[in-house]
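Numbering (this note's numbering), first residue to last: 354 to 693.
Glycine included, every Cβ here is placed at the ideal spot set by N, Cα and C.
Small disclaimer: the values here were computed from a predicted structure and weren't measured.
Worksheet: the structure to be examined is printed underneath.
See the structure below:
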């Protein structure tokens, strides 16, 4: 729905360097080209207002979904009543069959989504098996917030983790769509020795924490300090080993790594930050537009059948089953004694 953060626009989009150069190379065409530019600018203004109205319509109809989503949460967590859960609407032959709920529902749904699944590691699954609900709320300014509700677990003390996404008020100069603004997540209060986003190592007699890839990186707020390392890890298909954190969690560059040039890293910092922001918005909008509204069909795997080949090509999507069943079996045993 939106594009990555670009130059803000006002009444008229900024003339790009490419377009300016084209005018210089074709001076005889300058007048009609500028006329076309003005017409296209008006089109972009309409497109921007269109996007804002769509967002307002999403807010309006989301209010009607809230009650249905609450009932879905009750069913998933085994707390549904006869009328609240609407068991008769799915022709259940045993009304008590769903009282245990569906342990690991959200993890399985996320695993079956190609884009989201890419960021989930084997180590993440035990924590994500404790996910009770994923919700969305719309902000007063253009944007939305995702809320992840967790049962008590062995990894962190938060019962809720949130990530907020806001769009720029001005349109994207090229498409007229809402331009990406900020993506801010909650700080995870990890239990001792349970941080899924890092591992400890000994270097020169000192214990340091090395960043490792995890779904829970999603709750980070993109920053220049670690964006380049994460982008490099994604492109190389490996975990970011070129940056490290001190024991208090502050990111720092690994100056000792061989072959790195300071000038190269600084020149890439801006593009890396844009990449990190775009990645976060891609994930956020995937939850908002696909996973949350169609969670049932992502859980069963049916939704994946409608994904285009290019979208699922790189995704580790196994329709209807989990990559590591043992992790979810453990989650089921633990959830069995919980009230939900």
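Local conformation of residue i per DSSP, three classes
{"i": "residue 372", "result": "helix"}
{"i": "residue 317", "result": "Residue 317 lies beyond the residue range present for the chain, which begins at 354 and ends at 693; the question has no answer from this structure."}
{"i": "residue 563", "result": "strand"}
{"i": "residue 405", "result": "helix"}
{"i": "residue 535", "result": "strand"}
{"i": "residue 570", "result": "helix"}
{"i": "residue 446", "result": "In this prediction, residue 446 scores a pLDDT of 43, lower than 50, which makes its location untrustworthy; the coordinate-derived value is nonetheless stated afterwards. Correct three-state label for residue 446: coil."}
{"i": "residue 367", "result": "coil"}
{"i": "residue 601", "result": "Note that residue 601 scores 32 on pLDDT, short of 50, meaning its location in the model is unreliable; the coordinates nonetheless yield the value given after this. DSSP places residue 601 in coil when its eight states are reduced to three."}
Residue range of the unbroken alpha helix (DSSP H) whose run includes residue i
{"i": "residue 480", "result": "478-481"}
{"i": "residue 652", "result": "648-653"}
Start-to-end residues for the beta strand (DSSP E) that takes in residue i
{"i": "residue 553", "result": "551-556"}
Chain C within 8 Å of residue i, Cβ atoms only
{"i": "residue 483", "result": "The chain labelled as chain C is not found in the depicted structure, where only one protein chain is given."}
Closer than 7 Å: residue i CB and nearest the ligand FAD heavy atom
{"i": "residue 557", "result": "In the structure shown, the ligand FAD is absent, as is every other ligand, since no ligand is present at all."}
Integer Cβ distance of residue i from residue j, believed to fall under 8 Å
{"i": "residue 549", "j": "residue 569", "result": "5 Å"}
{"i": "residue 350", "j": "residue 516", "result": "Examination of residue 350 is not possible in this model, given that the chain is present from 354 through 693 alone."}
{"i": "residue 657", "j": "residue 647", "result": "About 11 Å separates the two Cβ atoms, so there is no contact after all."}
{"i": "residue 539", "j": "residue 532", "result": "At roughly 24 Å, the Cβ-Cβ gap does not stay under 8 Å, so residue 539 and residue 532 are not in contact."}
{"i": "residue 376", "j": "residue 386", "result": "6 Å"}
{"i": "residue 565", "j": "residue 555", "result": "Not a contact, Cβ separation roughly 16 Å."}
{"i": "residue 636", "j": "residue 492", "result": "With 8 Å as the limit, residue 636 and residue 492 do not qualify as a contact, their Cβ atoms being about 17 Å apart."}
{"i": "residue 653", "j": "residue 567", "result": "Wrong, their Cβ atoms sit about 26 Å apart, outside the cutoff."}
{"i": "residue 518", "j": "residue 501", "result": "Contact flag wrong, Cβ pair sits at about 14 Å."}
{"i": "residue 392", "j": "residue 366", "result": "With a Cβ gap of about 12 Å, residue 392 and residue 366 do not count as contacting."}
Quick one: complete beta strand (DSSP E) runs, 3+ long, within the region 462-525?
If we require 3 residues or more, the beta strand (DSSP E) runs fully inside the region 462-525 come out as 484-491, 496-503 and 513-524.
Can at least three beta-carbon pairs, one atom from the region 405-415 and one from the region 631-640, be found at a separation below 8 Å?
no
Are there three or more Cβ pairs, one per stretch, closer than 8 Å when the region 536-546 is compared with the region 505-513?
Contact between the region 536-546 and the region 505-513 is present, because at least three Cβ pairs lie under 8 Å.
So, do the region 474-485 and the region 456-464 have three or more beta carbon pairs nearer to each other than 8 Å?
The region 474-485 makes contact with the region 456-464, as at least three CB pairs between them are under 8 Å.
So, does the region 518-537 touch the region 418-436, judging by three or more C-beta pairs under 8 Å?
Taking 8 Å as the limit for Cβ pairs, the verdict is that the region 418-436 does not touch the region 518-537.
The region 409-428 / the region 484-491 touching (three or more Cβ pairs under 8 Å)
yes
Residue ranges of each alpha helix (DSSP H) within the region 624-648, 4 or longer
Counting whole runs of 4 or more residues, the region 624-648 contains no alpha helix (DSSP H) stretch at all.
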